[in-house]
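A.B. asks: One structure follows; several queries about it will come next.
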Amino acid sequence: MQLTDLVAAEEQVRKEVAAAAPEFTAFLDGFRHRAVLVPFDDQGAICSAELGGIRWILAFSDEKSLARFAKGGSDPAIGVRQPATVEEEGEKGWDYRKVLGWRLLDNVIPAAGRPCGVALDAGSDKGKVLPPVSGIVPERATADAYAANGGRIARR
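Counting from 2, one number per residue, gives the positions in the sequence shown under the numbering used here.
Set out below in C-alpha cells:
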C-alpha cells in the first residue's frame, strides 16, 4: 500500500475512531505502547510527507518494513526528502530512531505546529494511518483545533 493509498483511507480511520471501533481501539492501544522506527533526513529532521494538507510522519513497525519502503526511495511530489543514510556492515540503510508510539502522538505531533499524523508501514499491505483527530492526538493538535485557531496550535 503506497502512502497516497494510506492517506486516502484516512476518512475510514476517522469513522472508526468516532465509532470507537474495537479493532481500531486495540490497534491504537498497541501502537501507543510499542516502539516504532522513525527515519530521519540528512538534516536531522523526522522524515515525513505532505499530503491532503496534513504532514504525515513516517513510522515503521520493524526494520523489514522500513527497508521495503526505503527501496522505493523518496518522492519529491509528496514532499518526502531523501532520508539520511548510514553504512552498517557494507550496506546502506536509513538513519532512524526507536520512538514509543505515545511519544509520537502526545509529544512530537503537537510540537509540529501544524496538522500532523502518522503513516505507519507505508509501502506495505499492513500500512495504517493515525490522522490528527480527537481520540488519537491531543485535542489541541487535531486538524479541527488548528482550523478553529487560525492555523495555529491551541494553547494547553
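Glycine included, every Cβ here is placed at the ideal spot set by N, Cα and C. From a predicted model like this one, the values you see are computed outputs, not experimental measurements.
Suppose you measure from the CA of residue 35 to the CA of residue 150; what does that come to, to the nearest Å?
C.D. replies: If you take the alpha carbons of residue 35 and residue 150, they lie about 32 Å apart.
A.B. asks: Have a look at 127, 148, 100 and 147 and flag the residue whose alpha-carbon is nearest the alpha-carbon of residue 33.
C.D. replies: Ranking 127, 148, 100 and 147 by Cα distance to residue 33 puts 100 first.
A.B. asks: Note down, one range per segment and in chain order, each beta strand (DSSP E) of at least 3 residues found wholly within the stretch 92-151.
C.D. replies: Correct list: 92-95, 97-101, 117-121 and 129-131.
A.B. asks: Name, in chain order, the residues that DSSP records as bridge partners for residue 36.
C.D. replies: In DSSP, residue 36 forms a bridge with 101.
A.B. asks: Are residue 29 and residue 136 touching if we call contact CB-CB under 9 Å?
C.D. replies: A contact, by the Cβ cut-off of 9 Å.
A.B. asks: Which whole-angstrom value is the C-beta distance of residue 134 and residue 144, which I expect to be below 8 Å?
C.D. replies: Correct: roughly 7 Å between the Cβ atoms.
A.B. asks: What are the boundary residues of the beta strand (DSSP E) that includes residue 49?
C.D. replies: Element bounds for residue 49: 49-52.
A.B. asks: With which residues is residue 30 paired in a DSSP beta bridge?
C.D. replies: The partner list for residue 30 (beta bridge, DSSP) is empty, contrary to what the question assumes.
A.B. asks: Let me make sure I understand the geometry here. Which of 96, 123 and 109 has the alpha-carbon closest to that of residue 41?
C.D. replies: Cα-wise, what sits closest to residue 41 is 96.
A.B. asks: What does DSSP give as the partner residues of residue 70 in its beta bridges?
C.D. replies: BP columns for residue 70 are empty, so no partner.
A.B. asks: If you follow the beta strand (DSSP E) that residue 60 is in, where does it begin and where does it stop?
C.D. replies: It spans 55-60 - the beta strand (DSSP E) in which residue 60 sits, taken as one unbroken run.
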